[in-house]
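The opening position of the sequence shown corresponds to residue -18 in the working numbering, with each subsequent residue numbered one higher.
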Amino acid sequence: MRTVTSEGGRQQAVVVRRSESADARGIDGLIGPSAVAVFGRVNVIHLLEKANLAVTLANEREDIVAHASFFDHPVGGLVDQAHWEPFLQKHFSAKTCTPWNTLFLHIFLAQPDFAASCIKEIMRAVFNAVTELQNVCLVSPNVGRLEAALEEVFEPLRRRTDPGPRCLAFVCCREEHSPQLLIRPARVEDHDDIMHINAEREDPRAPLLVEMLEAQDEKNPALVCESDGFAAGLMRLSTAVDVTRLNADFECDDFGGFCRREDAEETQSAGRSSENPNAVCIQDFIIHKNYAARSVDFIPYIFNLFPDLDFCIVSVPKPCPKLPLLLQSFLRRTSRASSWPPQDLYVLPRAGLSGVEVRSAVAADRPALCDLVKGLRLSEALLQDLDCFYESRRDPGGVALQAFVAQHGGQLVGTLILRDEQDAEYICARYNIENFIYFSHHRREELALMRHLVLKSCFQHLGRHLFKEVLRLAHRSCLFHRTYPCIQGQEHTLNSCVHPLDVVLDGAVPVRPRRQILYPLEQLGTNGPSRRITEDQAPFALSLISRKLTLEPKVAVNARIVVVGASDTGLSFLEVLCLCPHLRFHSLTLLSTHGFPGDHEHDDVGFLSTSHAYSRRDLAQLPLRSCVATVTGKMVGINRKSKLVLVSDGVKLPYDHLVLCTGLQYQVPGPPGVDLQPNCSRYTGPVPANLLTLNDLQDCAAARRWLLSNFVELEDNAVVYGDGIDVFTATETLLRLGVRGGRIHLVLPPPGGGAAPRLVDPVVERAVAAALREAQVQVHRRCLLTRMDGGGDEAPLTSVSFASEGGPLRLQCGVFIHLSNKGVDYDAFRSINSCFLPFDGRLVIDATFRTCDPCVSGAGPLTKFSRRYHADEWSHGNFDSREVGRDLAATLLPRFDPTLQPEAPPERGRLLPLYKQAKIRGGRLPGGLNYLHVTKPSPSYAAGPPVTHLQDSGIVTGRAETGNYFSLRLDRYDLVDELTCLSLEPLPFSNYLCLFGKHQQLLGQLSSRYRQGLIHDLYSFFRQSWCLAIYHDRFSDFEQELQQINAEDERPRDGAAVRSSAARFLSYNRNLLPMFARPGLL
C-alpha cells in the first residue's frame, strides 16, 4: 500500500497496480473538461486495450483514485506512430528520446484533490516497472492548458523549428522520480548498512562480510549501490572464471565459450582451455527490497569497470525460491544432465545492454539474413516468404506480408515476418483469446500472424522489445503464433521458422482452446454458424502477444518438476502449469513409457475404452510439446536423498518436485507353462509376442500392426480375457479388423471381488450379448485363468487354460489378449517401495496429495488416501482424473506463484476433497454400437451396486436392439446425475457431457414433457437448436450470473433481469449461436 495526500492534507491509502477492464467505469467517471482539452475524447475500454502500460490507483474500497495510460507513440494523429522519432528530433530537442527508452502519456485522470500526489506516485511506479525507461513524453495535438499537477511533473520540450507543429510537447525524466542508484566500490564503512539488509534474509555468510570487503582487489571487486548516503545493496564480482567447467556444464557455444575472440581459434586448435576468460562472474548479490527494481543499475558500471570483457554471468542453484529482479535482463542456460550439482547459468552480453534497433526489411538485407538463418530448421520457408515480401509484399496465396529486422551496431541480429491473420473469426471461436483481449476492439487489419522469428541468442532477452517495436511499426495491436504438432517425427508443413522458441514462450501468453459445440449443420441450414468457424483446420497451439503484454514480464520458475506417467491426471496437471499466463516454468519434464501421447486417435486404433479426456486434437491444441520436455522410458527407482528419478535406460532425472501419477495397468498374468495362483508374485520375465496386455494407445497401435501382419489372415483363435468394458471394445476391434466371430473366444471371470462392473446398464449388457451371438463370438462366463502354455521362453503361446464351474477349459490360441485386474506397474511399485514411500496396495497420500516426503506428490488411481481418514471406499480412482489433476496443480501452484497464498486452509488436510465432475466412459461395442456412460462420482463398495434413492427417476427412449437407446437419470433434486447412450450413429460426446448436472427444467421441462408423452427420442430432442446454448462453453458463466441475480433480487421476480442477462449472453456469443433471435434483430 502507498499513501497519497490531498491539497488539504488529507491522506488516503492506495494500491498501485496495472489497470483492469473492470476499472473502466470508475476511470470514465474521472474524465473532466481539463483532461479532454489536453488528451481529447477517449474510449476508456479502447484505451485500456491498446495501451502498452496502464496504471490505476485504487483505495481500500476499490474506488478508482487515479489512472494513467502510456503508449509507445504520441497522442492522436499528430504523426504516424511508426515515424514519431524523426518527427520529435526534428522539431524538438529530444535526441535522448528513442523507442527503447521512451513512452508517451495518453491520459491522466485523478480525483481533483489528490491529482498532484497521484501523478508522482504513478510516475514512480512506471519508472520502477520499466527498467530501461528514461523519458515519459506528453505530445498531443490538443493545445489545451495542462492542469497544475501535470505542470509540476512535466517540463516543456525546447522547440527547434519555428513555427513548427501546433501541439503540446512535454517530457518527464527518470531522475525526478526514480533516479538511478549511485554505484561505487564497496568500503569497510558500508558494513553496518549491509548487515542490516543481511539480517532480513538471514544470510549465514554475514559474519564474513568484513573479510570479504577487505579482501577485494582488481580481479575480485565489491560494489555497493548508494541512495541518500545509505548503502542499499552489495555485489561481489570475480574475473576468475573457470571456462573449462562452464563449457562442460552448460551450452556456451552461442557465447564463444566465454573465450576472448583472439584466443578462441588458438584454443580450438590447441585443444586446451583459454586462460583469458571473456566474462565477469557475479558471486554474491544482495539489495534492499525497496531498491530491487533498480538492480540493473549495477550492470553498466560492471561493463565500464571491465571494458575488455563481453559477458556478465551468474550461476544460480536449483531451485532458487525467488529469482532476483536483476536476472530478468539475463539469458538463461540450463546445465547439462551430467553436471553436478545442477545449476542455471544466467548470461548478459555487453551487446544486449543497449537494446536493438527495429526497422522494415529492405532488399539489401537478404545476404545478411541468409547468413543469420543458415542451418536453422525451416529456414528455406523463411527465405521464400522473405522473397515474396520483396517482390509483391504478399505470399503466394495473396495474403499481405510484412518483414522487419533487428540490428545492433550495424549488424543484423534478428528478423520477424508477419502475415495478415485470415482466420480471426476461427481463432476467436476456437480459443479463449478474450481472456486477454477484447476482440471487438481490434480491427481485422490490426491482427497478424507471426510467420517467422529468428533472434540471435545474445539478444534473446530483448524479445519483448522486438515485439513492441514490430507492433508499432506494423500498425498492429495483436500478434498470434501457431505451433503445429510434429507427429511421429514428421515436420508439419504449416510450421514456421522460429528460433529460439523461448523468445515466444517468454513474451507471449498461451491461449486455452475452447470446447466446441457439435452442430447439426444440415438441420440448421442457413441458421448455422459461418463456415469460417465450423470448417476444421489442422489443430495448433496458439500463443498471443498484444501491446499491453509487451511490458508485463512473466515470473520465471526454475524449479524442476518431474511428472511420471502420461495419464489423464498427469496431463491435466501439466496443462494447468503450461497455461498460467504470468508464469514461465523452465523445467517441466514428463517421464512416459511411450513418450508424449497424441500420435494416435482412439477411434482409429480401438481396443480400449476411453474417458474422452484428451483426444489427439486436444493435445495438439495445448502448448505441452513446447513447454514440457518428454523422456521416454520407465521409472525404475527413486533416490529421495539426491532427488533423482532413475529411468530404465540409465538416465537420471533430477527433481525438486516429483509427481507420481502412473495410473493402473493391465499386468502380464505370469510365466508360460506354470500353474497360476490367485495371489502369485508379479511376473517380470520374457513375454511371448502373442500375449498382449494393452494399456495405452501406443500399445493398441502396436497390437493392431502385429495382428494385421501375423494373425488376421490365419485361422488361429483369438482369446480375450478380462472383466470390464475393455474386453468388449477389444472384441469389436478384432471383428472390425476382419477376424471372424467364430475365431474369437471371449472369456469372462466371475463378477465381484471388487472388480469394475462390465457394463452398468443391464439393457446395454443384453444388447452386447445379442450382438456377440449374432457375430458368433464364443463367450465363456465365470472362468479363471490357471495356465498359459507355449513352446518355451519367448515362444508364442499355443493354448490357455481356465477353471470354470463346468470343469477345466483349455483353448487353443494364436493370440491372447489379457485385460484383467489392473494394478500398479511392477517397476513403479518397486521404485516406490524401495525408497520407503508408504505403499498400502496403492501409494498412500493425504488430502493434499502429499506423501511422507514433501517433495513427492501422488495423484490419480495409483494412490489411496491414508487410513486415518477412515474412508477406504473413496480414492482418486472414483473421480474424474482431469479434475484431480487440476486440483493437484492448484495445490502446488502457491509454491511458485507469488500472487497466490502459500498456505492452504488448515481444514484442507483433515477432510477429503470433494470433486463433482462426472466419471466418463465410452467406446465402440460389438454390433458397431457407440457407447457413452456418464455418472457422478460414487464410492467403491465391496459388494452390491451404489445406493439409489427412491426419489430418483429415469427417462428412457429407444431400444438397445435398434441402436437408438438413450437413458437419463434424475436425482432427488431433478438434476441429471447419470446418462447412458447406445447408438449405431456417431455420438456428439462433447454435447452430451454438458447435460450432466443440469436441472430438468433447464433442459426444456424435460421431466414433464416426458410424462406427457411429448418426447419419443432423446437424440432428436437434444439436437434441437434451443439446446445448442446449453452446449456453449460459456453457458456455465451465464448460469452463475443468473444465480447471482436470483440471490440479489429480493423483490417480486418479473423476469426482466433474467431476460436482459439472456439477451446479453446471446448477443455476445452471436458468432456461435446465430440461430437465436436477439433484441433488434426482428
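Just so you know, even glycine gets a beta-carbon here, dropped at the ideal spot from N, CA and C.
Residue burial is scored here from C-beta neighbours: lysine 449 has at least 16 other C-beta atoms within 10 angstroms and is therefore classed as buried. Within the model, the alpha-carbon separation for asparagine 1050 versus isoleucine 514 is close to 13 Å. Spatial neighbours of arginine 950 in its own chain (CB-CB distance under 8 Å, excluding positions within 5 residues in sequence) are listed in chain order as Asp933, Ser934, Gly935, Ile936, Val957, Asp958, Glu959 and Leu960. Counting C-beta atoms within 10 angstroms of its own C-beta, aspartate 234 has fewer than 16 neighbours from the protein chains shown and is therefore classed as exposed. Boundaries of the beta strand (DSSP E) harbouring threonine 938: 934 to 938, taken from the DSSP string.
Between leucine 672 and valine 649 the beta-carbon gap is near 7 Å, inside 8 Å, which marks them as a contact.
Aspartate 868 has its alpha-carbon roughly 33 Å from the corresponding atom of arginine 1004.
The DSSP assignment places complete beta strand (DSSP E) segments of no fewer than 3 residues inside the segment 34 to 114 at 34 to 40, 45 to 52 and 83 to 91, in order along the chain. Every beta strand (DSSP E) stretch that sits fully inside the segment 954 to 1010 and reaches 3 residues is listed by chain position as 957 to 964. Within the DSSP bridge table, the entry for phenylalanine 566 names Val538 as partners. A residue is called buried when at least 16 other Cβ atoms come within 10 angstroms of its Cβ; histidine 87 meets this threshold and is buried.
In this structure, the alpha-carbon of glycine 21 lies about 37 Å from that of arginine 1015.
In the DSSP assignment, histidine 433 is bridged to Ile398. Bounds of the beta strand (DSSP E) holding methionine 769 are 764 to 771. If you compare the alpha carbons of Leu38, Thr77, Pro67 and Ala96 with that of alanine 106, the shortest gap goes to Leu38. For tyrosine 327, the enclosing beta strand (DSSP E) begins and ends at 324 to 330.
Distance from the CA of arginine 992 to the CA of tryptophan 855, rounded to the nearest whole angstrom, comes to 36 Å. The segment 737 to 825 contains, as complete beta strand (DSSP E) runs of 3+ residues, the segments 759 to 761, 764 to 771, 778 to 785, 788 to 793 and 796 to 800 (chain order). Given a length threshold of 3 residues, each whole run of the beta strand (DSSP E) inside the segment 631 to 670 is given here in chain order: 633 to 635 and 638 to 641. Within the DSSP bridge table, the entry for threonine 464 names Ala522 as partners. Closest by C-alpha distance to proline 202, out of Thr531, Val612 and Leu194, is Leu194.
Using a Cβ-Cβ distance cut-off of 8 Å, the segment 46 to 66 and the segment 93 to 110 are in contact, since at least three pairs of beta carbons, one from each stretch, lie closer than that value. Nearest to aspartate 325 by alpha-carbon distance, out of Ala221, Glu232 and Val745, is Glu232.
Cysteine 478 carries a coil assignment under DSSP once its states are collapsed to helix, strand and coil. In the three-state DSSP reduction, glutamate 132 falls in the helix class (H, G or I).
The C-alpha of valine 609 lies about 12 Å from the C-alpha of aspartate 483.
When the five nearest sequence neighbours on each side are left out, the beta carbons in the same chain lying within less than 8 Å of the beta carbon of glutamine -8 are those of Thr(-16), Val(-15) and Thr(-14), in order along the chain. Between leucine 90 and isoleucine 26, the C-beta gap is not smaller than 8 Å, which leaves the two residues out of contact.
Between alanine 489 and proline 534, the alpha-carbon positions lie close to 10 Å from each other.
For the pair of segments examined, the segment 717 to 728 was found not to touch the segment 819 to 834: the number of CB pairs separated by less than 8 Å stays below three.
Proline 281 places its beta carbon 8 Å or farther from that of leucine 364. Just so you know, the alpha carbons of valine 825 and glycine 703 end up roughly 27 Å apart. When C-beta atoms of the segment 737 to 748 are compared with those of the segment 759 to 772, fewer than three pairs fall below 8 Å, so the two segments do not count as touching. Nearest neighbour of methionine 431 by Cα position, chosen from Cys459, Cys439 and Tyr412, turns out to be Cys459. In terms of Cβ geometry, valine 640 and valine 628 do not form a close pair [threshold 8 Å].
Inter-residue distance for threonine 712 and serine 2 is about 55 Å (C-alpha atoms, whole angstroms).
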